[in-house]
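Numbering (our numbering), first residue to last: 271 to 610.
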Amino acid sequence: MKAIRYLLFPFAIIYDFITTLRNLFYDKGIFKSTEFDLPVIAVGNLSTGGTGKSPQIEYLIRLLKDDYKVAVLSRGYKRRTKGFIVLNDRHNAEDVGDEPLQFFSKFKEDVTVAVDADRTNGIQQLISTVNPEVILLDDAFQHRKVKAGYYILLTKFNELYCDDFILPTGNLRESRRGSKRANSIIVTKCPEHLSEAEMTTIRKKLKVGDNQKVYFSTIGYNKQLKGSENITLEELQDKDLVLVTGIANPDPLLAYLKKNELRFTHINYPDHHNFTDSDISKIEKTLNSIVSEKKLILTTEKDYMRLQDKISNLVYISIETRFLAEEKLFTSDIVDFIKG
Numbered sequence: 271m272k273a274i275r276y277l278l279f280p281f282a283i284i285y286d287f288i289t290t291l292r293n294l295f296y297d298k299g300i301f302k303s304t305e306f307d308l309p310v311i312a313v314g315n316l317s318t319g320g321t322g323k324s325p326q327i328e329y330l331i332r333l334l335k336d337d338y339k340v341a342v343l344s345r346g347y348k349r350r351t352k353g354f355i356v357l358n359d360r361h362n363a364e365d366v367g368d369e370p371l372q373f374f375s376k377f378k379e380d381v382t383v384a385v386d387a388d389r390t391n392g393i394q395q396l397i398s399t400v401n402p403e404v405i406l407l408d409d410a411f412q413h414r415k416v417k418a419g420y421y422i423l424l425t426k427f428n429e430l431y432c433d434d435f436i437l438p439t440g441n442l443r444e445s446r447r448g449s450k451r452a453n454s455i456i457v458t459k460c461p462e463h464l465s466e467a468e469m470t471t472i473r474k475k476l477k478v479g480d481n482q483k484v485y486f487s488t489i490g491y492n493k494q495l496k497g498s499e500n501i502t503l504e505e506l507q508d509k510d511l512v513l514v515t516g517i518a519n520p521d522p523l524l525a526y527l528k529k530n531e532l533r534f535t536h537i538n539y540p541d542h543h544n545f546t547d548s549d550i551s552k553i554e555k556t557l558n559s560i561v562s563e564k565k566l567i568l569t570t571e572k573d574y575m576r577l578q579d580k581i582s583n584l585v586y587i588s589i590e591t592r593f594l595a596e597e598k599l600f601t602s603d604i605v606d607f608i609k610g
């Protein structure tokens, strides 16, 4: 696979030229970028998938929902509908995408969640229909038709954008130069006990600007699982599990389950997978093949959004962003931006 990627290096150079030219045209005002009067916060990355955008959006929702009227706008990746949609209880993952449905399911009493591939139109529709005080844009770092007031750039601890290369040789959607648009850079999925010396080394590697701040976060797993039954992580230890994942990188979850001495058979699918009848049959067949009477299907929260209406005996484990240092500095920076 790596050899093929190196062979595609000439295409990476062409892609780099195209994306750099596009960004230059936006920077110079040749391409139009719309700015709005209300605070707009964009969360995104330079690389493809798996940096922790969803838990970061949820972190911001928890931070802001009690003091501001918040709306979340996503494109609704892999949904089968088009245009602007405000989520309600009748929608499923096929209608609006798994991540927006996840936001809605957890925070429907607190925020408005909408989808629109055209973020400019989506923001305009939100302003005219619900009049939010703050808008959070999910996965919008490259969506330059909207000029957000504050950009949060995520990069994984073990795959920093400064160590990567542009597609298709590497995983970057655009050159690492794009990081200069970020107000805050969050290194995600860090080890829980990352030292200050290691943080300092990473800050130097990222070569951030004087007005940019770098933060470090890790993924926390919720020990209370939900789904067809409410069960704790400890109660799973006497069960045989079928783990079903359709996420970009399931390795951290696998490591966490092994660390907690859980027994499981793993069935892995691509990120944002649309589960077919054949997939469901395979999952159920795998579960039925387990001799033990104490058995259960375990999945991620995002995959649960796609599986909940298709399969029973299913629970999910949720995750959340946890800052390792300077959390108060990050939250005060966000609130100060909103207050203007």
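Backbone N, C-alpha and C define an ideal beta-carbon position, used for all residues, glycine too.
task: List the whole-angstrom C-beta distance separating Ile550 from Ile587, where the pair is believed to meet the contact cut-off of C-beta under 8 Å.
output: To locate residue 550, count along the sequence shown from 1; it is residue 280. To locate residue 587, count along the sequence shown from 1; it is residue 317. In fact, because the Cβ distance is near 20 Å, the residues do not count as touching under 8 Å.
query: Using the C-alpha atoms, what's the distance from Ile501 back to Ala341?
result: For the purposes of this step, residue 341 is taken as the residue at position 71 of the sequence shown. For the purposes of this step, residue 501 is taken as the residue at position 231 of the sequence shown. Approximately 31 Å between the Cα atoms of the pair.
message: Within 8 Å, do at least three Cβ pairs link the segment 414-428 to the segment 451-458?
response: Flag = yes, the segment 451-458 and the segment 414-428 touch.
field: Per-residue DSSP class, three states only, for Gln482
entry: Residue 482 sits at position 212 when you count from the first residue of the sequence shown. Of the three classes helix, strand and coil, the one that applies to Gln482 here is coil, per DSSP.
message: Quick check on DSSP: helix, strand or coil for Phe427?
response: Here residue 427 refers to the residue found at position 157 of the sequence shown. Correct three-state label for Phe427: coil.
field: Residues near Gln578 by beta carbon distance below 8 Å, same chain, minus five either side
entry: As a first step, residue 578 is located in the sequence shown; it is residue number 308 there, counting from the start. Result list for Gln578: Gly497, Leu584, in chain order.
- request: Would you kindly check if the distance between the Cβ of Thr289 and the Cβ of Glu531 is under 7 Å?
  value: The count along the sequence shown starts at 1 and reaches residue 531 at position 261. The count along the sequence shown starts at 1 and reaches residue 289 at position 19. No. Outside cutoff.
message: Please return the same chain residues whose Cβ sits closer than 6 Å to the Cβ of Val512, not counting the five positions on each side in sequence.
response: Position 242 of the sequence shown holds residue 512. Cβ neighbours of Val512 within its own chain (closer than 6 Å, five residues either side excluded): Thr535, Thr556, Leu557, Ile567.
message: Here's the rule: buried if 16 or more other CB atoms are within 10 angstroms of the residue's CB, otherwise exposed. What is Lys459?
response: Locating residue 459 in the sequence shown gives position 189, counting from the first residue. Within 10 angstroms of the beta-carbon of Lys459 lie 16 or more other beta-carbons, which makes it buried.
- request: Can you grab the Cα-Cα spacing for the pair Asp541 / Ala518, in whole Å?
  value: As a first step, residue 541 must be located in the sequence shown, where it is residue number 271. As a first step, residue 518 must be located in the sequence shown, where it is residue number 248. Spanning the two alpha carbons is a distance of roughly 5 Å.
CA-to-CA distance, Lys493 to Glu499, given in whole angstroms: Residue mapping note: residue 499 aligns to position 229 of the sequence shown, counting from 1. Residue mapping note: residue 493 aligns to position 223 of the sequence shown, counting from 1. The alpha-carbon atoms of Glu499 and Lys493 are separated by roughly 14 Å.
task: Hey, could you find the ends of the beta strand (DSSP E) Ala341 is sitting in?
output: In the sequence shown, residue 341 corresponds to position 71, counting from 1. It spans 340-344 - the beta strand (DSSP E) in which Ala341 sits, taken as one unbroken run.
Own chain partners of Tyr329 with C-beta closer than 8 Å, once the 5 adjacent residues on each side are dropped: Residue numbering aside, residue 329 sits at position 59 when the sequence shown is read from its first letter. Sequence-distant Cβ neighbours of Tyr329 in its own chain, meaning closer than 8 Å and more than five residues away, are Glu590, Thr591.
query: Start and end of the beta strand (DSSP E) containing Ser454?
result: One-based indexing of the sequence shown puts residue 454 at position 184. In the DSSP assignment, Ser454 falls within the beta strand (DSSP E) that extends over 454-458.
query: Is the shortest distance between the beta-carbon of Tyr431 and the beta-carbons of chain B less than 7 Å?
result: Checking the listed chains, one finds no chain B in this structure; it contains a single protein chain.
- request: Going by DSSP, name the residue or residues bridged to Tyr420.
  value: As a position in the sequence shown, residue 420 is number 150, starting the count at 1. According to DSSP, residue pairing for Tyr420 in a beta bridge involves Ile311.
message: On the CB-based measure, 16 or more other CB atoms within 10 Å of its CB, does Ile363 come out buried or exposed?
response: In the sequence shown, the residue the question calls residue 363 occupies position 93. Per the sequence presented here, residue 363 reads as Ala, with Ile not at that position. It counts as buried.
- prompt: Hey, Phe593 and Pro438: beta-carbon distance below 7 Å or not?
  reply: Numbered from 1 along the sequence shown, position 323 holds the residue referred to as residue 593. Numbered from 1 along the sequence shown, position 168 holds the residue referred to as residue 438. With respect to the 7 Å criterion, Phe593 and Pro438 are not classified as neighbours on the basis of their beta carbons.
- request: Take the Cβ of His463 as the centre, count every other Cβ of all protein chains shown within 10 Å, and call the residue buried at 16 or more, exposed below.
  value: In the sequence shown, counting from the first residue as 1, residue 463 sits at position 193. Taking all protein chains shown into account, His463 has fewer than 16 neighbouring C-beta atoms within 10 Å of its C-beta and is therefore exposed.
message: Taking a contact to mean a Cβ-Cβ separation below 7 Å, would you say Ile560 touches Asp510 in this structure?
response: The residue labelled residue 560 in the question sits at position 290 within the sequence shown. The residue labelled residue 510 in the question sits at position 240 within the sequence shown. With contacts defined as CB atoms closer than 7 Å, Ile560 and Asp510 qualify as a contacting pair.
task: Under 8 Å by Cβ, that's how I've got Ser324 and Gln394 pegged, so tell me the actual separation to the nearest angstrom.
output: Residue 324 sits at position 54 when you count from the first residue of the sequence shown. Residue 394 sits at position 124 when you count from the first residue of the sequence shown. Your pair Ser324 and Gln394 does not check out as a contact, with CB atoms roughly 24 Å apart and the cut at 8 Å.
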